[in-house]
Every structure is written in C-alpha cells, then in structure tokens.
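Each residue of the sequence shown is one higher than the one before, starting from 83 at the first, in this note's numbering.
All remarks here apply to the structure that follows.
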Amino acid sequence: MVLLLVVGIAVLFLLFFLRAAKHGTYKLAGRTIREFTVDDEIWTTVDSWAMERKYELSNQTETARVYTRRGPRTPVLVPSLEIARTNNRARLESWLGIYRVGRIVTFGIYPDELRIDVKSLWISYGDWYPLDPRHIARDDVNTLLDMLDAKAPRIPQCRWQGYQAASDHLPPHSSGGFP
Numbered sequence: 083m084v085l086l087l088v089v090g091i092a093v094l095f096l097l098f099f100l101r102a103a104k105h106g107t108y109k110l111a112g113r114t115i116r117e118f119t120v121d122d123e124i125w126t127t128v129d130s131w132a133m134e135r136k137y138e139l140s141n142q143t144e145t146a147r148v149y150t151r152r153g154p155r156t157p158v159l160v161p162s163l164e165i166a167r168t169n170n171r172a173r174l175e176s177w178l179g180i181y182r183v184g185r186i187v188t189f190g191i192y193p194d195e196l197r198i199d200v201k202s203l204w205i206s207y208g209d210w211y212p213l214d215p216r217h218i219a220r221d222d223v224n225t226l227l228d229m230l231d232a233k234a235p236r237i238p239q240c241r242w243q244g245y246q247a248a249s250d251h252l253p254p255h256s257s258g259g260f261p
C-alpha cells in the first residue's frame, strides 16, 4: 500500500514537471542557436569534427547539413546539430532529439526537441557527466565552434553543486541549504 502511494506520488511529480516542460514553463523545448561569420569553406572542418565526435550526416542540402550523434551513450536523448551557411554567415542549431522510447516512457509529454543550454534539475544525471547527453552535446558544439574559430559565445557547462543552482528556476540556497 505504501509502495503504491510512493509510486503514485512519483508519477504525479514526473507528470507535473514534464507538462511544465512541454508548455514552456522551463523553456526546455526548442533548439540552442549560435550565429557567427565565417571567412572560408566550413564543410571540411565540420566533416572532420563529425567524424571525430561520431556524428552521422542525416540530411544535406547545398547550404545546410544535419548531423546526429550515434553511440552507446545516447539511448534515449540524441544530440543533433544543424549547420547552415549563407554567404559569410553561419547558423548552428543544436538540440537533443527524443527517441520513441523516451516519448513512450514520458507518456508523450516530453517535447520533441530539448535545448542543450538549459540547466534543469529533473533531466540531468547529476555528477555523472559522461552520461549526461546535454553535457556531451554542449562539449561537442563548443569543440566545433573552436574548430571554426567562431566569434560566437560558447555554451557554458552546467556543473552541479549538490542541488544548489541546478536550475535557473530554483533560488540559490544560503548556507544550511542543500549541500
């Protein structure tokens, strides 16, 4: 009976936060965008970055390419990246796509795409950074921006200090709060 009550409360808690994410309360849905100027051909650099970081080309036009990361560390949330070039301007969009399993587990409430520059308490793996798909995606995008010598702001890595400052929406704790 107690187990059923605990499971029920956990499901309601999960549904509340997932619903908030879908309706933009936490601004998790969408893509992280960086725009910058480029002087020369970028596709050889982008292709070498994709090979190094295990991204596969999933769609291509004359001016844009979409890459998706494949590998054992991306079972549900898949880092993806779209880069488009127009004249001397480049636009880079990055997001975490959700596999069908993730949509089923969250009852379809999870958004289709998650921004990678958002800190949030409830979709992070905590101190397990090598397993956090947002951490992987941020690192990959920052590496690509460095390789392209882009004059665009890097995406800051979100480091946990316990639960303190884990989300933009939680107030920082004073001493005596969470560790």
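Here a beta-carbon is modelled for each residue, glycine too, at the ideal position from N, C-alpha and C.
The structure displayed is predicted, hence computed values, not measured ones.
{"Check": "Limits of the beta strand (DSSP E) - the one that R173 falls within", "Outcome": "R171 to I180"}
{"Check": "Residue burial classification, T143 (beta-carbon count within 10 angstroms, cutoff 16)", "Outcome": "exposed"}
{"Check": "I292, DSSP secondary structure in three states", "Outcome": "The question about residue 292 has no answer here: the residues shown for the chain are numbered 83 through 261."}
{"Check": "Close-in-space but distant-in-sequence residues of the same chain around T127 (CB under 7 Å, 5 per side omitted)", "Outcome": "M229 and L230"}
{"Check": "Contact set for T168: own chain, Cβ-Cβ below 7 Å, skip 5 residues either direction", "Outcome": "T145"}
{"Check": "C-beta contact flag for D121 and P161 at 9 Å", "Outcome": "no"}
{"Check": "Residue from L163, R151, T188 and T150 whose Cα sits closest to the Cα of A92", "Outcome": "T188"}
{"Check": "Cutoff 6 Å; reference L34; Cβ partners in own chain excluding five residues on either side", "Outcome": "Outside the shown range of the chain, which is 83 to 261, sits residue 34, and nothing can be said about it."}
{"Check": "Cβ neighbour criterion (16 or more within 10 Å) applied to L87", "Outcome": "exposed"}
{"Check": "Contact under 9 Å by Cβ, A132 with D194", "Outcome": "no"}
{"Check": "C-alpha distance - W177 paired with N170, whole-angstrom precision", "Outcome": "24 Å"}
{"Check": "Straight-line Cα distance separating A234 from Y181", "Outcome": "30 Å"}
{"Check": "Buried or exposed by the 16-neighbour rule on C-beta atoms within 10 Å, applied to V200", "Outcome": "buried"}
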